[in-house]
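Residue numbers (the numbering used here), protein chains in the order written: chain V, 387 to 550; chain W, 387 to 550; chain E, 387 to 550; chain Y, 387 to 550. A quick write-up on the structure given underneath.
Number of protein chains: 4
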Amino acid sequence: MIDLRKHCIELLESRGVSLEAIADCAVYLQHAYFPDLKREDMIESVMDVLGKREVQYTIMTGIAIDKAADKGDIEDPVLLKMLREDDGLYGVDEVLAYSICNVYGSIALTNFGYIDKDKYGIVGQLNKKNPDGSYPGNHNTFLDDIVGAIAASAAARYAHAQEK
Amino acid sequence: MIDLRKHCIELLESRGVSLEAIADCAVYLQHAYFPDLKREDMIESVMDVLGKREVQYTIMTGIAIDKAADKGDIEDPVLLKMLREDDGLYGVDEVLAYSICNVYGSIALTNFGYIDKDKYGIVGQLNKKNPDGSYPGNHNTFLDDIVGAIAASAAARYAHAQEK
Amino acid sequence: MIDLRKHCIELLESRGVSLEAIADCAVYLQHAYFPDLKREDMIESVMDVLGKREVQYTIMTGIAIDKAADKGDIEDPVLLKMLREDDGLYGVDEVLAYSICNVYGSIALTNFGYIDKDKYGIVGQLNKKNPDGSYPGNHNTFLDDIVGAIAASAAARYAHAQEK
Amino acid sequence: MIDLRKHCIELLESRGVSLEAIADCAVYLQHAYFPDLKREDMIESVMDVLGKREVQYTIMTGIAIDKAADKGDIEDPVLLKMLREDDGLYGVDEVLAYSICNVYGSIALTNFGYIDKDKYGIVGQLNKKNPDGSYPGNHNTFLDDIVGAIAASAAARYAHAQEK
């Protein structure tokens, strides 16, 4: 059987997202509670999140839509325009992100809401746009939220693990 | 500005789903509480659901993925295979459906869970598959759940409206 | 540290709900896919669900509200009336149930919607009411949904585990 | 029939939360997009949120649990301790808050995550605790999240309304 975690890590890397960049966001979210936390301490939690089936399917689906937007492989012109401009009221990207966070409970959801607005690190880089609202390179309508959700979930898992 | 409700009704019809078929499912879900309920009484609720922005975006996105599966316009072979076979553990379709139901509260979610398993009417027709698990015509991985969610939400809206 | 799983099992038993009765509901939900499944095979999944912190907190909170309804320890007369009659539009009980299911993904949510309407086994027993809508014994506004959600989640966990 | 919106406004006021304080939080969340937005412009959105049945039930339930924690009217000593200290891993309060936000879609959820961590205005005041983690006055385990969710939802409604 194919190793879906490895498959997803490769998909993320093909869009410029490393495990380390995700771990850095997760560390940032836990910094106030664990000031000495390091990137290395968080990699295990990121890997745990990437090992969940529900998360893997969401990553594959979100990146597939972003790639279809890149290539114009979306028949519906109304949707294509929204995806290419990451329309502020389009919320399906956040819906997918929440499905990742849900697995890790309410702390993950709150973490996600914070980093989605605060745009730390790789989450902010994936959000960079031209002055006219278009993306300079790849379309990352889904990817920025998915990466934020993985980081938010890894941070929540770390917090829960420290209590046990 | 484009009329997104009209756009979505046309998208649904292009995949073989009529307003009447959705209304029939919604009536079925409320039958135990309102035995005299008719299709005509439910159309207003279906139209209300289709008027919500969140619902419209979800319809457009789900149908776009189904169409990409039809045409093979999905680069990732792992994901394409799952979409074409509606893999039982793939749950992103249900996640999108829940985002429709959430707007109408917990009754809509319960209704959706029921019709998704019971497969009444058009929901069942969209689920028809060949003995090997492949779809006989269009791939409806997302569409069956979206239609179930619209019906579940219309039924919930009707129930709430009767109490006021 | 207190064993919260044991604490929750005792709380459930104090309200007439056994592990076996929950396992029976979970078996029922998987019967179509695994016809030979037995209660004993499902106990491990039920125990896994009861081991999650998010689930434990929800059980404790839901049962606390039901007990407060029993004793009249709720100041707000509007809320007390709704809890004692399990008002059909009151949906906070389902909201708590969904937070259990969310941990186990979309299959758990669909399972919950089904058993919540179908009312198999202990879920149905907890729902029994007098002709005037009041409960014959304890108020189980929250408990029936929580038990349905634990069974739905255990069934989803079992389904996922078979695929690995 | 009792006016449930009025009932909820009175409940909120009895715990020190005014409509104006909620509107201020909602304005804060929209400030980056609408710099000239004033409290008065937001009151209509706050009132719309408070008019939803799902929201009203959540407010009544959350405040009832907080009041039970004040009075010690919770039989389960494990739960009572967690509520009185707003244990960081207890997430049922956020679960209820999400059920409010869900009605207003994904923007509301993101807004909530932000204000829940940022703790602006009344949300921060409700969170004030003694150095030992206990509350100085009323226990607001649920109320702070509910108020944040109402503000987040009102802000999302305002954003959506401007686009139409």
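All C-beta atoms, glycine included, are put in the ideal place defined by N, C-alpha and C. Given the structure is predicted, the values throughout are model-derived calculations rather than measurements.
Starting from Y:SER431, follow the alpha helix (DSSP H) in both directions and report where the run begins and ends. According to the DSSP assignment, Y:SER431 belongs to the alpha helix (DSSP H) that extends over 425-436.
So, does the CB of V:ILE536 fall closer than 8 angstroms to a CB anywhere in chain W? No, its Cβ sits nowhere closer than 8 angstroms to a Cβ of chain W.
Taking C-alpha atoms, which residue in E:ARG425, E:LYS457, E:LEU469, E:LEU475 lies nearest to E:ALA537? Nearest option by C-alpha distance: E:ARG425.
Closest Cβ-Cβ distance between V:VAL489 and chain E: below 8 angstroms? Answer yes: the Cβ-Cβ gap between V:VAL489 and chain E drops below 8 angstroms somewhere.
Three CB pairs or more closer than 8 angstroms across the stretch 486-494 of chain W and the stretch 389-403 of chain Y: Not touching, per the Cβ criterion.
As a quick exercise: from V:ARG470, V:ILE486, V:LEU475, V:GLU480, pick the residue whose alpha carbon is nearest that of V:ASP502. Minimum Cα distance to V:ASP502 is reached at V:GLU480.
Cutoff 8 angstroms: E:HIS417 Cβ touching any chain W Cβ: Not an interface residue.
Could you give the first and the last residue of the continuous alpha helix (DSSP H) run that contains V:ILE395? Per DSSP, V:ILE395 belongs to the alpha helix (DSSP H) from 390-400.
Starting from the C-beta of Y:MET468, find all residues in its chain whose C-beta is less than 6 angstroms away, skip the five residues before and the five after it, and write them out in chain order. Closer than 6 angstroms at Cβ, skipping near neighbours: TYR476.
Please classify V:GLY519: is it buried, with 16 or more other beta-carbons within 10 angstroms of its beta-carbon, or exposed? V:GLY519 counts as exposed, since fewer than 16 other beta carbons sit within 10 angstroms of its beta carbon.
Say yes only if the C-beta of W:VAL481 is nearer than 7 angstroms to one or more non-hydrogen atoms of the ligand NAD, and no if none qualify. The ligand NAD is absent from the structure shown, which contains no ligand whatsoever.
Against W:GLU440, what residues of chain Y qualify as contacts under a CB-to-CB distance less than 7 angstroms, listed in chain order? Close partners of W:GLU440 in chain Y (Cβ separation under 7 angstroms): GLY491.
Interface residues of the stretch 455-483 of chain E facing chain Y [CB-CB below 7 angstroms]: Interface annotation for the stretch 455-483 of chain E against chain Y: ASP459, ILE460, GLU461, ASP462, VAL464, LEU465, LEU475, TYR476, GLY477, VAL478, VAL481, LEU482, criterion Cβ-Cβ distance under 7 angstroms.
Does any residue of chain W have a CB that is nearer than 8 angstroms to the CB of E:TYR500? Yes, because at least one Cβ of chain W sits closer than 8 angstroms to the Cβ of E:TYR500.
Below 8 angstroms between beta carbons: does that hold for Y:ARG543 and Y:ASP410? Contact: no.
I need the boundaries of the alpha helix (DSSP H) containing E:SER485, first residue and last residue. E:SER485: member of the alpha helix (DSSP H) spanning 478-488, first to last residue.
In chain order, what residues of the same chain have a beta carbon less than 6 angstroms from the beta carbon of E:TYR443, not counting five sequence neighbours either side? Excluding positions up to five away in sequence, the list is empty.
Establish whether the CB of E:LEU495 and some CB of chain W are separated by less than 8 angstroms. Under the Cβ distance rule, E:LEU495 counts among the residues neighbouring chain W, one pair being separated by less than 8 angstroms.
Expressed to the nearest angstrom, what Euclidean distance is found between the alpha-carbon atoms of V:TYR419 and Y:ASP472? The straight-line gap from Cα to Cα measures roughly 16 angstroms.
Could you check if E:ASP530 is buried or exposed, using at least 16 other CB atoms within 10 Å of its CB as the buried criterion? E:ASP530 comes out buried.
Any beta carbon from chain C within less than 8 angstroms of Y:HIS393's own beta carbon? The displayed structure is made up of protein chains V, W, E and Y, and chain C is not among them.
State the Cα-Cα distance for the pair W:LYS457 and W:GLY523, rounded to the nearest angstrom. Going from the Cα of W:LYS457 to the Cα of W:GLY523 covers about 12 angstroms.
Along chain V, which residues have their Cβ under 7 angstroms away from the Cβ of Y:LYS503? Ordered by position in chain V, the residues that pass the 7 angstroms Cβ test against Y:LYS503 are THR496, TYR500.
With a threshold of 8 angstroms between beta carbons, is W:GLU426 in contact with chain E? False, the Cβ-Cβ gap to chain E never drops below 8 angstroms.
In its own chain, which residues sit with a C-beta less than 6 angstroms from the C-beta of W:ASN513, not counting the 5 before and 5 after it? So the qualifying residues of the chain are LYS505, ASP530.
Does the CB of Y:ALA450 have a neighbour CB from chain E at under 8 angstroms? Judged by the 8 angstroms Cβ criterion, Y:ALA450 is in contact with chain E.
Reduced DSSP secondary structure (H/G/I, E/B, other) of V:ASN497: The three-state reading of DSSP puts V:ASN497 in helix, counting H, G and I together.
Assumed close pair V:LEU397, V:MET446 - CB separation to whole angstroms, cut-off 8 angstroms: Contact holds; Cβ gap of about 7 angstroms.
Ends of the alpha helix (DSSP H) at E:TYR544? Looking at the DSSP string, the run of the alpha helix (DSSP H) that includes E:TYR544 is 529-549.
Report the option in E:VAL432, E:GLU406, E:LEU466 whose CA atom is closest to the CA atom of E:SER539. Nearest option by C-alpha distance: E:VAL432.
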